[in-house]
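Asker: For the sequence shown, my numbering begins at 67 and goes up steadily by one.
Quick one: the structure is below, and I'll ask about it shortly.
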Amino acid sequence: MSNIENDDLLADTSHLLSQAIPSGVDRRTFLMRSAVVGATSVMTGRVVSAQERNERSSAAPPLAQDLNVVQKGKGPVMTTIDEFYKVGPGPSSSHTIGPMRITYDFYQRASKLPADRLAKATAMKVHLYGSLSATGKGHGTERASLAGLVGKEPATVDPAFLDSLRDKPDQVFPMKLGSATFDVSLKDVIYDATKGDFKHPNTMTVKLMAGNDVLLEQEYYSVGGGFIEWKGYTPPKKNAPKYPFATMKELRAHADNNKISIAKVMLANEMSIAGRTEEEVYAFVDKIINAMTATVKSGLKMPEDDVLPGPIKLHSKAATVYKRAMDDSYQSDRGIGALSAYALAASEENGRGHLVITAPTGGSAGVMPALVYGLIENRKLPLQKIRDGMLAAAAIGYLCKHHATLSAAEGGCQAEIGVASSMAAALVATANDAESRVVENAAESALEHHLGMTCDPVAGYVQVPCIERCAFGAVKAWTAYAIASNEIASRHRVDFDATVQALAQTAKDMNSKYKETSEAGLALSVVLC
Ligand code: SF4
C-alpha cells in the first residue's frame with residue numbers, strides 16, 4: 067500500500083478524487099468545488115480525503131460555536147413565549163422581522179453615543195450578507211432594514227408604510243441623531259457578498275459614518291424566527307424554570323409525575339423564568355390568538371382575483387378555496403377545504419407583507435393560525451383549550467430551536483413548515499385534552515413527515531412553494547393528530563427527541579443551495595415569463 071503522505075502527489079492524483087457525488091448536490095458545482103479542493107491539496111502538499119472533499123464540496127459553512135443560538139442547545143430550555151411568538155410584517159421572520167429589529171436596535175445604540183461624536187455623523191449604511199443578500203430582495207429585506215433605521219418596530223409598523231417603500235423606492239427620510247441631521251434611503255441598504263466566512267448565514271452589519279470614517283459599527287445575525295444576536299451578544303438574565311427540561315422526555319416526565327398537562331408545565335415555567343403572573347402570561351397568549359384569527363379573517367376577505375406583490379404574479383386562492391369548500395356536499399371535504407383556505411389566507415397575508423405571527427417563522431405563518439381559527443370558529447372550543455394548545459405548541463418550537471434550528475437558511479423548509487406543522491399537531495392534541503404521550507406522538511409524526519424538505523422559494527419570494535406548503539402543513543398536522551389519537555400511544559415507535567435529532571442532522575448535511583438561497587429546486591426549475 068502506498069504511503070500517500072510521502073508519495074509525489076503530482077504522479078497520481080486518483081486517490082484524491084471524490085468519485086461519488088452526494089445525493090442532493092448539483093453535479094457541476096460539486097465537481098468544480100471538488101476540483102478546486104483537489105488542486106489546492108496538490109499545490110499545498112496536504113492530502114484531502116475523498117470524504118473530506120465531499121463534505122467541503124457540499125456542506126454549508128458551519129455556524130460559529132460562540133453564537134448564543136448554538137450555545138442555547140445546552141442546559142434547560144429558557145425561551146419564553148413573548149420571545150417566541152412575534153407579531154410583525156411578512157414575508158419572513160429572518161429576512162424581514164429580524165433585519166427590522168436589527169436596524170431599530172442599531173439606531174437606539176447610535177443615539178446613545180456622546181454628543182460630540184454624534185455631531186460628526188453623515189450617513190448610516192446597512193450591509194446584507196449571505197442568505198440575506200441572496201434572497202433579501204424577494205423578502206423586502208432592504209425595506210424592512212430602512213424601516214427599522216427610521217424608528218419603526220415590527221409589531222407596530224403600518225404595512226402601508228412598507229408598501230409605500232416598495233411603490234416609491236426613491237423616498238428619502240431625514241434622520242436626526244443628536245445635533246446631526248442627514249438623509250437615509252433604500253440606497254443606504256447594500257446587498258453585499260452572498261458567500262463568505264460568516265458566523266451565521268443571515269449576517270448583516272450596520273454602520274454610522276462620518277464621511278469615510280466609521281463612528282459606530284455592529285455585526286448582527288438574524289438567527290431565525292425573528293430572533294437576533296450580535297457580535298459579543300450575551301443573553302438577558304432569566305430565572306430558573308420551575309420544571310427544567312431540555313428534551314421532550316424530561317418535559318413529559320414533569321407532566322406525568324405531577325399529573326398535570328404539558329401546557330400547565332409550560333405555564334409554570336413561563337411564570338418562573340420571566341417572573342410573570344398567570345394573568346400576564348395568558349394576556350400575551352390571548353393577544354397572539356387574536357392576531358392569528360385576525361390574519362386568517364383579513365386574508366379570507368381579500369378579493370378572489372387579488373394578485374400578490376412580486377414578479378410571480380401569483381393570484382390569491384384563499385377566498386375561492388373557502389367558498390368552494392363551503393359549497394361542497396361532502397362534510398369531510400368541507401373540513402379539509404376550509405382548513406386549507408385558512409392556512410392560505412394567513413400565508414397570503416404574509417406574502418402581501420401584512421402583519422403575521424411567527425409560529426415559528428413568517429414563511430410558515432399560515433399553519434398555526436389555520437388550526438387556531440378552525441378550532442375556534444368550527445369546533446367552537448373554549449378559549450382556555452386554545453391557550454393550553456398554544457403553550458404546548460410553544461414547547462415543540464422551543465425544543466426544535468434548542469436542538470436544531472428554526473431558520474431555513476440553516477435547515478431548509480423542514481425547520482419552518484415542518485416545525486410549524488409539529489407545533490400545530492401539539493396544539494390540536496392539547497386542545498382536545500389528549501394525554502401527554504399523544505401530544506408528543508402527534509408532534510413527532512408531523513415533524514417526521516417534513517424531514518428533508520428543502521427551501522427554494524421561486525424568485526426569492528415567500529410565495530411559491532411557501533403559501534400552499536402552509537396548507538399542506540396544516541392538513542398534515544390534523545392527520546398527525548388523527549393518527550396519534552387513534553393508535554395505542556405507547557406503541558408509537560419514534561420519539562419526538564429522536565426526530566428533532568434527525569432534523570438537526572439533516573439540516574447540517576443539507577446542501578447549502580437548498581437553504582433559502584434560491585439557487586436550486588423550484589427556484590431553478592420554475593421559469594418566470
Ligand atoms: S420554502 Fe419554506 S422555508 Fe423556504 S421561504 Fe418558503 S416557507 Fe420558508
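We put the CB at the ideal spot given by N, CA and C, even for glycine.
All values derive from a computational prediction rather than experimental measurement.
1. For Ala474 and Asp182, I'd like the C-alpha separation in whole angstroms.
2. Let's see if you can read the secondary structure: which residues bound the alpha helix (DSSP H) around Gln131?
3. Helix, strand or coil, according to DSSP, for Phe239 in the structure here?
4. By the 10 Å Cβ neighbour count, where 16 or more other Cβ atoms means buried, how is Glu219 classified, buried or exposed?
5. Taking the straight line between their C-alpha atoms, what separation do you get for Lys579 and Ala586?
6. Can you name, in chain order, every residue of its own chain whose Cβ lies under 7 Å from the Cβ of Val280, other than the five neighbours on each side?
7. What is the residue span of the alpha helix (DSSP H) that Met270 lies within?
8. Consider the C-beta atom of Glu482 and the heavy atoms of the ligand SF4; say whether any pair is separated by less than 7 Å.
9. Output the boundary residues of the alpha helix (DSSP H) element that contains Ser288.
10. Could you say if the region 169 to 176 and the region 372 to 390 meet the contact criterion of at least three C-beta pairs nearer than 8 Å?
11. Would you say the beta carbon of Pro307 comes nearer than 7 Å to a heavy atom of the ligand SF4?
12. Once DSSP output is grouped into helix, strand and coil, what is the label at His516?
13. Would you tell me roughly how many angstroms separate the C-alpha atoms of Ala321 and Arg503, rounded to the nearest one?
14. Could you pull out every unbroken beta strand (DSSP E) segment of at least 3 residues lying fully inside the region 287 to 367, listed in chain order?
15. Applying the criterion that 16 or more other CB atoms from any shown protein chain within 10 Å of the CB defines a buried residue, is Asp263 buried or exposed?
16. Rounding to the nearest angstrom, what Cα-Cα distance links Arg99 and Ala573 in this structure?
17. Helix, strand or coil for Val524 per DSSP?
18. Just checking Ala210 against the ligand SF4 - is the residue's beta carbon closer than 7 Å to any of the ligand's heavy atoms?
19. Output the boundary residues of the beta strand (DSSP E) element that contains Gly202.
20. Can you give, in chain order, each stretch of the alpha helix (DSSP H) that sits fully within the region 418 to 487 and has at least 4 residues?
21. Just reading off the beta strand (DSSP E) that Ala246 is part of, what are its end residues?
22. The alpha helix (DSSP H) spanning Tyr388 covers which residue range?
23. Look up Pro165 in the DSSP assignment and say whether it is helix, strand or coil.
24. Name the DSSP bridge partner or partners of Ile533?
25. Say whether the region 416 to 425 touches the region 388 to 407, bearing in mind that this needs 3 or more beta-carbon pairs closer than 8 Å, one atom from each stretch.
26. Would you mind stating whether Leu366 and Lys265 have Cβ atoms separated by less than 8 Å?
27. Comparing alpha-carbon positions, which option in Arg167, Ser160 and Met166 lies nearest Thr201?
28. Quick check: the region 299 to 311 against the region 142 to 157, are at least 3 beta-carbon pairs closer than 8 Å?
29. Considering Pro155, what are the terminal residues of the beta strand (DSSP E) in which it resides?
30. With three or more C-beta pairs closer than 8 Å as the rule, is the region 532 to 541 touching the region 422 to 442?
31. Count the C-beta pairs between the region 541 to 550 and the region 505 to 520 that are closer than 8 Å, then say yes if the count reaches three, no if not.
32. Give the straight-line distance between the Cα atoms of Thr386 and Glu370, rounded to the nearest whole angstrom.
33. In the structure shown, what three-state DSSP assignment does Met190 receive?
Answerer: So, to answer that:
1. Using only the alpha carbons, I get a separation of about 42 Å.
2. Following the DSSP letters along the chain, one finds Gln131 in no alpha helix (DSSP H), marked with neither H nor E.
3. DSSP places Phe239 in strand when its eight states are reduced to three.
4. Classification for Glu219: exposed.
5. Cα-Cα distance, rounded: 6 Å.
6. Excluding sequence neighbours, Val280 sits near Lys273.
7. First-last for Met270: Thr269 to Ala276, but that is the beta strand (DSSP E), not the alpha helix (DSSP H).
8. The answer is yes for Glu482.
9. No alpha helix (DSSP H) holds Ser288; the beta strand (DSSP E) holding it covers Asp279 to Gly290.
10. Contact between the region 169 to 176 and the region 372 to 390 is absent: fewer than three C-beta pairs spanning the two stretches fall below 8 Å.
11. Closer than 7 Å to some heavy atom of the ligand SF4: that does not describe the Cβ of Pro307.
12. Looking at His516 - three-state DSSP - the assignment turns out to be coil, as it is neither helix nor strand.
13. So the two alpha carbons sit approximately 10 Å from each other.
14. Within the region 287 to 367, the complete beta strand (DSSP E) runs of at least 3 residues fall at 293 to 296.
15. By the beta-carbon neighbour count (other beta carbons within 10 angstroms, threshold 16), Asp263 is exposed.
16. With a pLDDT of only 43 at Arg99, under the threshold of 50, the placement of this residue in the model should not be trusted; the figure read from the coordinates follows. In a straight line, the C-alpha of Arg99 is about 21 Å away from that of Ala573.
17. Val524 falls in the helix class under three-state DSSP.
18. No, the ligand SF4 has no heavy atom inside 7 Å of this Cβ.
19. Run containing Gly202: none in the beta strand (DSSP E); it sits in the alpha helix (DSSP H), Gly196 to His205.
20. Complete alpha helix (DSSP H) runs here, min 4: 433 to 439, 449 to 469 and 474 to 477.
21. Segment Ala246 to Ser251, the beta strand (DSSP E) holding Ala246.
22. Start and end: Ala384 to Asp393.
23. Correct three-state label for Pro165: helix.
24. Paired residues: none, contrary to the question.
25. Between the region 416 to 425 and the region 388 to 407 there are fewer than three C-beta pairs closer than 8 Å, too few to call the two in contact.
26. Cβ atoms of Leu366 and Lys265: not closer than 8 Å.
27. Closest option to Thr201, Cα to Cα, is Ser160.
28. Pairwise C-beta distances place the region 142 to 157 in contact with the region 299 to 311, as three or more of them are shorter than 8 Å.
29. Val153 to Pro155 is the span of the beta strand (DSSP E), which, as asked, contains Pro155.
30. Judged by Cβ distances under 8 Å, the region 422 to 442 makes contact with the region 532 to 541, as three or more pairs qualify.
31. A contact between stretches requires three or more CB pairs, one per stretch, nearer than 8 Å, and the region 541 to 550 meets this requirement with the region 505 to 520.
32. Cα to Cα, Thr386 sits roughly 6 Å from Glu370.
33. DSSP places Met190 in the strand class (E or B) of the three-state scheme.
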